[in-house]
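This report concerns only the one structure given below.
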Amino acid sequence: MSDRIGNFIKSVSACLLMTMVGCSGYGILQKQEVSGIPDASYERIIKLENPEGAPDKTLAGIVHVTGKETVCADFPRQRVIQSLDDLEKPEKQALAHFQNYAIRDGDETLGYVSVPVEYGVNIWRRDNDPVCKYSVQILPPRHRHGQTDYQDAVQGSTSW
Numbered sequence: 010m011s012d013r014i015g016n017f018i019k020s021v022s023a024c025l026l027m028t029m030v031g032c033s034g035y036g037i038l039q040k041q042e043v044s045g046i047p048d049a050s051y052e053r054i055i056k057l058e059n060p061e062g063a064p065d066k067t068l069a070g071i072v073h074v075t076g077k078e079t080v081c082a083d084f085p086r087q088r089v090i091q092s093l094d095d096l097e098k099p100e101k102q103a104l105a106h107f108q109n110y111a112i113r114d115g116d117e118t119l120g121y122v123s124v125p126v127e128y129g130v131n132i133w134r135r136d137n138d139p140v141c142k143y144s145v146q147i148l149p150p151r152h153r154h155g156q157t158d159y160q161d162a163v164q165g166s167t168s169w
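If you're matching positions, the sequence shown starts at 10 in this note's numbering and goes up one per residue.
Next up, the structure:
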C-alpha cells in the first residue's frame, strides 16, 4: 500500500514539475565548450568586473554578443567595451587561461562567454523577455551549487 502511495506522489510531482517548466517560458541551454573565441566583429563586448579580486583576478568574464538576438549578462558589475584592447595587461594575461563557451540555440551561434576556470556558467533562454532573450548567469566560485563554506576554505597548516 505504501509503495502505491509513494509511486502516486512521485508521478504527481513529476507531472507538476513538467507543467511548471513548460509554462514558465524559461530554459537552460546546454553549455558548449569551445577552444577559443573567433576573431570577428561583435555587436557588443561585455566586461564582467570583480573589483575585490587580486590584481590578476579583477576580470570575472567576457561576453561577446553577435547581435542576432538580445543577450545580456546577469552579473552585478559589468560594462560594455569596444574591444579586448580595452582590458588591462593583467586581465589580458588572465583571459588567455579562461574557459570559453558558445551561446548557441540550435544551429545559431548568438555569442561567446569566457570565464575563469573556477567560475560556473548557466545560459538561460527567456522566451517572454524581448529585452534579454538570452541571459548569461555567472556563478562565482563561492556560490557554486553543492559547495559548502568548508570546501571553499583554503586548506593549509592553519586550517583545522
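Beta carbons are placed, not taken as given, at the ideal position from N, Cα and C, and that holds for glycine.
Going along the chain, which residues of its own chain have a beta-carbon closer than 8 Å to the beta-carbon of residue i, five neighbours each way excluded?
i, result
"Val140", "Thr79 and Cys81"
"Gly165", "Only weak support exists for where Gly165 lies, its pLDDT of 48 falling under 50; the coordinates are left without a value."
"Ile14", "none"
"Glu52", "Val74, Thr75 and Gly76"
Name the residue from the options whose alpha carbon lies nearest to the alpha carbon of residue i.
i, options, result
"Ser44", "Ser123, Asp83 and Gly115", "Ser123"
"Lys101", "Thr67, Gly129 and Pro47", "Thr67"
"Ala111", "Ile46, Ile54 and Lys56", "Ile46"
"Ser173", "Lys77, Arg113 and Glu58", "Since the first and last residues shown for the chain are 10 and 169, residue 173 lies out of range."
"Arg88", "Pro150, Gly36, Ile71 and Asp116", "Ile71"
Give me the DSSP bridge partner(s) of residue i.
i, result
"Gln41", "Ala111"
"Ile55", "Val72 and Val89"
"Ser144", "Cys81 and Trp133"
"Gly62", "According to DSSP, which records beta bridges pairwise, Gly62 is partnered with nothing at all."
Below 7 Å between beta carbons: does that hold for residue i and residue j?
i, j, result
"Phe107", "Ile147", "no"
"Leu119", "Thr75", "yes"
"Ile54", "Ile90", "yes"
"Tyr35", "Arg135", "yes"
What are the start and end residues of each continuous alpha helix (DSSP H) run of 4 or more residues lying completely inside the region 80-131, in chain order?
Listed in chain order, they are 98-104.
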